[in-house]
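Quick note: the working numbering has the sequence shown finishing at residue 123, numbered continuously throughout. Note that the Cβ used here is the ideal one computed from N, Cα and C, for glycine as well.
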Amino acid sequence: MMRISAGIAVASIAGAIFSATATADSGRNLAAACANCHGTNGHSQGGTASLAGQNKARMLAQLRAFRDGKRAATIMHQIARGYSDAQFELLSDYFSRQPVARSGQ
């Protein structure tokens, strides 16, 4: 009985660690598609907004506004339609945790 309980506990912990890793990797993987315009890890080289270090809630609101046609855009409204709310959550979490680039970098 004790072995079964210990086994369940270990499996639960391993599952939680795997889920956390998969989520972190998922955000990074989704963010790779944003790099063409917004730069690697959200560090724009000019022309578009840098996403690194932005407020997560504000970013979520902006992504939804693009998707829902409530914010004017040249291309983001088309791109945003391809993402779910869960993917928006992963993207905004990932970018909000990236360090803001200092001037000259």
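My output table needs one value for residue i: the three-state DSSP class, helix, strand or coil.
i: Gln105; result: helix
i: Arg85; result: helix
i: Gln125; result: As shown, the chain starts at 19 and ends at 123. That puts residue 125 outside it, with no answer to give.
i: Gln63; result: coil
i: Ile45; result: It is worth fixing the name first, because residue 45 is Gly in this sequence and not Ile. Gly45 falls in the helix class under three-state DSSP.
i: Gln72; result: coil
Between residue i and the rest of its own chain, which residues show a CB-CB distance below 7 Å, the 5 nearest in sequence each way excluded?
i: Thr39; result: With a pLDDT of 48 at Thr39, under the threshold of 50, the modelled position of this residue cannot be trusted, and the question is left open.
i: Phe106; result: Leu78, Leu81 and Arg82
Cβ atoms of residue j and residue i: under 7 Å apart, would you say?
i: Ala98; j: Phe84; result: yes
i: Ala70; j: Asn54; result: no
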